[in-house]
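Number of protein chains: 2
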Amino acid sequence: MDSITDQAPDIAPWRPYLLASLQGTKDIPESRYFQLASVDITGAPQCRTLVFRELHQDNEIIVISDTRTEKFTEFASNPRGQICWYFAHTREQYRFDVTAQVTTFVDNELWLTEHWSRLSDAGKKQFLWGSPGTKRHDLNPLESLEPDNVVPSHFCVISLSVSKVDYLNLRGNPQNRIVFEKQSDGSWCSLEIIP
Amino acid sequence: MDSITDQAPDIAPWRPYLLASLQGTKDIPESRYFQLASVDITGAPQCRTLVFRELHQDNEIIVISDTRTEKFTEFASNPRGQICWYFAHTREQYRFDVTAQVTTFVDNELWLTEHWSRLSDAGKKQFLWGSPGTKRHDLNPLESLEPDNVVPSHFCVISLSVSKVDYLNLRGNPQNRIVFEKQSDGSWCSLEIIP
Numbered sequence: 540m541d542s543i544t545d546q547a548p549d550i551a552p553w554r555p556y557l558l559a560s561l562q563g564t565k566d567i568p569e570s571r572y573f574q575l576a577s578v579d580i581t582g583a584p585q586c587r588t589l590v591f592r593e594l595h596q597d598n599e600i601i602v603i604s605d606t607r608t609e610k611f612t613e614f615a616s617n618p619r620g621q622i623c624w625y626f627a628h629t630r631e632q633y634r635f636d637v638t639a640q641v642t643t644f645v646d647n648e649l650w651l652t653e654h655w656s657r658l659s660d661a662g663k664k665q666f667l668w669g670s671p672g673t674k675r676h677d678l679n680p681l682e683s684l685e686p687d688n689v690v691p692s693h694f695c696v697i698s699l700s701v702s703k704v705d706y707l708n709l710r711g712n713p714q715n716r717i718v719f720e721k722q723s724d725g726s727w728c729s730l731e732i733i734p
Numbered sequence: 540m541d542s543i544t545d546q547a548p549d550i551a552p553w554r555p556y557l558l559a560s561l562q563g564t565k566d567i568p569e570s571r572y573f574q575l576a577s578v579d580i581t582g583a584p585q586c587r588t589l590v591f592r593e594l595h596q597d598n599e600i601i602v603i604s605d606t607r608t609e610k611f612t613e614f615a616s617n618p619r620g621q622i623c624w625y626f627a628h629t630r631e632q633y634r635f636d637v638t639a640q641v642t643t644f645v646d647n648e649l650w651l652t653e654h655w656s657r658l659s660d661a662g663k664k665q666f667l668w669g670s671p672g673t674k675r676h677d678l679n680p681l682e683s684l685e686p687d688n689v690v691p692s693h694f695c696v697i698s699l700s701v702s703k704v705d706y707l708n709l710r711g712n713p714q715n716r717i718v719f720e721k722q723s724d725g726s727w728c729s730l731e732i733i734p
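Going line by line, the protein sequences match chains A and B.
Here the working numbering is used: position 75 in the first sequence is 614, and no number is missing along the way.
Here the working numbering is used: position 77 in the second sequence is 616, and no number is missing along the way.
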């Protein structure tokens, strides 16, 4: 489902926390869901649930999406985002300041095909039953109109590059909150703060 | 914990959905947690987990907070917010477009005292152990410095007035997505859209 590689020579200090949270909740499907906030062209915040796919060595969090959704337009005009990932089981919250970059099939055929082929049939179907957010004409089951072995042109991967992490552990005694911030030289600073 | 009253003569059409989701998950504490997105003064999205407290008759969702947190400053300059509330158990997502209004003790003593007195000792303690987000000087257990029977001046209630709801049910067959939007005359329109 999700893949995590951790062989970077210069490991960001928040990675061991996230890897432990993922490890401690690996049998709980909803622990892979997080919320991603963005800002729309009118300046209003938008927030939706997404499925975590990968954590890259260069501290990019990877999700998949559809270029026909609003977040595609939003990130085109303002690439700043924030992920809020709450692990109910371990009572930990991560808030990741991120910058979004969208990749489509024309940008990287191999990578997109890889992500597409990993999807379940039900997962693929969500990309093939019509343009999300448009009016639905009847309430019959939604049907796929395209073959599922071809990567649709609107299928995309969003790389969310992390520049800051606000980590909160509600189960600690004392409760813990640490802010990790990337410096201009690429190193990370961390500070314990009051929750 | 949370209280829901539903005696308004003109019931918003999304209320029965939310009331059913709350009823169907009433024994699951984390089903009362949702994410609230806002926009900070630099135009970046912010997103954090909050605890649902009440749904008012006039379609306001109520949470409690601390005026020393960033969201207080954020809502003072831009009151627009969006709640993303995912019910893992029922596989439903609500996205509420909201406008935030903050109430402190000086604005409404009775209401604030009511909310304060409903908090558990652990809940109160979080407001009494120092200013959130400031540097922590040691890692000893955080201690309350003030008596817990006095409502702190930084304790506040945030009313989130709902103007639009994007409801998604992933468990339906077919999947369902409905957008409910408040009209200028106070009535609500709804539209079935493609998920």
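For glycine and all other residues, C-beta sits at the position ideal for the given N, C-alpha and C.
Exposed unless 16 or more other CB atoms sit within 10 angstroms - verdict on residue i
| i | result |
| --- | --- |
| C586(B) | buried |
| V689(A) | exposed |
| N647(B) | exposed |
| R554(B) | buried |
| Q632(B) | buried |
| H654(A) | buried |
| L649(B) | exposed |
| A547(B) | Since pLDDT at A547(B) reaches only 48, below the 50 mark, its modelled position is unreliable, and no value is offered. |
| N679(B) | exposed |
| C707(B) | Checking the displayed sequence, the identity of residue 707(B) turns out to be Leu instead of Cys. L707(B) comes out buried. |
| P691(A) | buried |
| C728(A) | exposed |
| M540(A) | Because M540(A) carries a pLDDT of 42, less than 50, the predicted location of this residue cannot be relied on, and no value is offered for it. |
| I741(A) | In the structure as shown, chain A begins at 540 and stops at 734. Residue 741(A) is therefore absent and cannot be evaluated. |
| S577(B) | buried |
| D545(B) | Unreliable placement is indicated for D545(B), whose pLDDT of 48 sits below 50; no coordinate value is reported for it. |
| R604(A) | Checking the sequence shown, residue 604(A) turns out to be Ser, not Arg. Answer is buried; the Cβ neighbour count reaches 16. |
| G725(B) | exposed |
| R619(A) | buried |
| S656(B) | exposed |
| L594(B) | buried |
| D566(A) | exposed |
| L684(B) | exposed |
| L730(A) | exposed |
| K610(B) | buried |
| P686(B) | exposed |
| R710(B) | exposed |
| D705(A) | buried |
| R639(A) | Per the sequence presented here, residue 639(A) reads as Ala, with Arg not at that position. Flag for A639(A) reads buried. |
| A559(B) | exposed |
| A551(B) | buried |
| V602(A) | buried |
| E613(B) | buried |
Endpoints, the beta strand (DSSP E) within which residue i is located
| i | result |
| --- | --- |
| W650(B) | Segment E648 to R657 is the alpha helix (DSSP H) holding W650(B); no beta strand (DSSP E) there. |
| A576(A) | Y572 to V578 |
| S700(B) | F694 to N708 |
| S729(A) | W727 to E731 |
| K721(B) | N715 to K721 |
| T588(A) | P584 to V590 |
| S670(B) | No beta strand (DSSP E) contains S670(B), which DSSP labels as neither H nor E. |
| E599(B) | E599 to D605 |
Alpha helix (DSSP H) segment containing residue i, residue limits
| i | result |
| --- | --- |
| T629(A) | No alpha helix (DSSP H) holds T629(A); DSSP gives it neither H nor E. |
| V561(B) | Here residue 561(B) is Leu; the residue named in the question, Val, does not match the sequence. Unbroken alpha helix (DSSP H) run through L561(B): R554 to G563. |
| S616(A) | E609 to S616 |
| D660(B) | D660 to K664 |
Chain A residues whose Cβ lies nearer than 7 Å to that of residue i
| i | result |
| --- | --- |
| C623(B) | Q574, C586, R587 and T588 |
| R675(B) | E731, I732 and I733 |
| W668(B) | I733 |
Neighbouring residues, chain A, relative to residue i (Cβ below 8 Å)
| i | result |
| --- | --- |
| G563(B) | The premise fails here: G563(B) is roughly 15 Å from chain A at the closest Cβ pair, so nothing lies under 8 Å. |
| L681(B) | P713, Q714, I733 and P734 |
Cross-chain neighbours of residue i in chain A, by beta carbon under 9 Å
| i | result |
| --- | --- |
| P671(B) | R716, I732, I733 and P734 |
Test: residue i CB closer than 8 Å to a CB of chain E
| i | result |
| --- | --- |
| Q722(B) | No chain E is part of this structure, whose protein chains are labelled A and B. |
Cross-chain neighbours of residue i in chain B, by beta carbon under 7 Å
| i | result |
| --- | --- |
| E569(A) | A627 |
Would you call the segment 693–705 of chain B and the segment 715–723 of chain B touching, i.e. three or more CB-CB distances under 8 Å? yes
Which residues, taken in chain order from the segment 576–607 of chain B, show a beta carbon closer than 7 Å to some beta carbon of chain A? A576, S577, V578, G582, A583, P584, Q585, C586, R587 and T588
Please confirm if the segment 619–627 of chain B is in contact with the segment 558–578 of chain B, defined as three or more CB-CB distances below 8 Å between the two stretches. yes
What residues from the segment 615–648 of chain B come within 8 Å of chain A, judged by C-beta to C-beta, listed N to C? N617, R619, G620, Q621, I622, C623, Y625, A627, Q632, R634 and D636
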